[in-house]
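Some notes on the structure that comes next.
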Amino acid sequence: MQGSGRRSAGRWLEQLNQRRNEDEVMVAETNQSSPEKMVTTTEMTRLIELAGRDEQRSRSRSRKEGEEMDGKTNLIDETGIDEELDYPGAALNSPEKMDDLEKIRKDDDGPLWSAGEGRSPDCNPTERGEFELLDGGLVNSAKSIDKDVKVLKAKLSDDGVLDMSLKAKLVERQGKVDQLEESRKALEKERFDKELNNVKFEVESKRRGLEARQRKVEDVVVEANNTTLKINSVKNSRAATQQELGHKCEEIVNEFHQYSGSIGVMLPRIEAELGVNPGSFFAFSGKSFFFFCKTPSLGHFPAEIPAKFVVFRQNSLHEHERVSSEPAVQMENNQGPVQIKVYQSSLTCAWETLTALLTSALVSAQVSSH
0 MQGSGRRSAG RWLEQLNQRR NEDEVMVAET NQSSPEKMVT TTEMTRLIEL AGRDEQRSRS
60 RSRKEGEEMD GKTNLIDETG IDEELDYPGA ALNSPEKMDD LEKIRKDDDG PLWSAGEGRS
120 PDCNPTERGE FELLDGGLVN SAKSIDKDVK VLKAKLSDDG VLDMSLKAKL VERQGKVDQL
180 EESRKALEKE RFDKELNNVK FEVESKRRGL EARQRKVEDV VVEANNTTLK INSVKNSRAA
240 TQQELGHKCE EIVNEFHQYS GSIGVMLPRI EAELGVNPGS FFAFSGKSFF FFCKTPSLGH
300 FPAEIPAKFV VFRQNSLHEH ERVSSEPAVQ MENNQGPVQI KVYQSSLTCA WETLTALLTS
360 ALVSAQVSSH
């Protein structure tokens, strides 16, 4: 019976060591995932021993009530240590349970081994040391774990409420962001529209200015064309007038030459009839034809102007009368005062002089017409 208990305890120790190795791997992974809740292998071992201690105490109490060790050992052999023990290492898989280690460390201030409670009379002192554990720390640990669970649930509820409030704030902030984005786009659009309107106004102003300048240029061009047309028309009319005047001058010159030729034949006869010698002086006026002469002994003009003149008024080609024998520059007739101009020439010489003057005037008119 004692050997059977030792074999069962040996198997339990082997399984316990195997689980310790698995727990070490799990602790290493947990330390990597949560460095702030890092635990050591020794702490994990103590936690496992505390869990085993609670199980052993329950067995010891059952033996005190009359349960035999062999029956209990057989029960262990049949069901296995994995099914009987509530292995506490599995609870460490969740990150929330790692905080329990700190509380176990604070509660586990006394020795791990009791003086006599829960000892099996069938185990040696070494095996009894493995199974005889204190139960105060585990009870306190269970209570603290319950409290922590409640605290964590409350915290989780608070976190849920906070999460909902944060989501509401996020939606509100997102709405504000969208509103600000729309406001920014509206402001940019307004600024761009304003700049576009300014550019359009400037372009329209320049276009109107260019149109006004174009109209002025067109008016100036039209005025210049009209002036050119007027100049051309005046030139044409003046050219026609000059040409007509030139023809008339030529006709007048021809008529004058014909008339002067006929007069030149008659002048010697007129001088012979009047008794006028070459070198006599004659007077001409604008209204009437006068001539006067002096005696041949008085000499020539202008040294002898103060001498007495015999002034005649010619009423017709062959009739003339004596008006005065006194020297005079102005005379009275039936039409009023007559201004007299004196020429130093005979009648023939005076006519030739008049012909030369008319010819030069006609030539000047022809030259100016061309």
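The sequence shown maps to residues 0 to 369 in numbering that gives the first Met the number 0. Cβ coordinates follow ideal geometry from the N, Cα and C atoms, glycine included.
Spatial neighbours of residue i within its chain, please: CB distance less than 7 Å, with the 5 preceding and 5 following residues excluded, ordered by chain position.
i, result
"P34", "Because the pLDDT at P34 is just 49, under 50, the model does not fix this residue reliably, and the value given afterwards should be weighed accordingly. Closer than 7 Å at Cβ, skipping near neighbours: no residue."
"Q17", "none"
"D177", "none"
"V148", "none"
"E13", "none"
"A238", "none"
Can you tell me whether DSSP reads residue i as helix, strand or coil?
i, result
"A167", "helix"
"D121", "Low local confidence applies: a pLDDT of 48 at D121 is under 50, so the model's placement there is unreliable, with the coordinate-based value given in what follows. Coil."
"K105", "With a pLDDT of only 48 at K105, under 50, the local geometry of the prediction cannot be trusted, and no value is derived from it."
"Q178", "helix"
Excluding the five sequence neighbours on either side, which residues of its own chain have a C-beta within less than 8 Å of the C-beta of residue i, listed in chain order?
i, result
"E189", "none"
"P156", "Residue identity check: residue 156 is Ser in the sequence provided, not Pro. Cβ neighbours of S156 beyond the five flanking positions: none."
"K146", "none"
Say whether chain C places a C-beta atom closer than 8 Å to the C-beta of residue i.
i, result
"E243", "Absent here is chain C; the protein component of the structure consists of one chain."
Can you find the residues in the same chain that come closer than 6 Å, C-beta to C-beta, to residue i, ignoring five residues on each side of it along the sequence?
i, result
"N20", "none"
"V220", "none"
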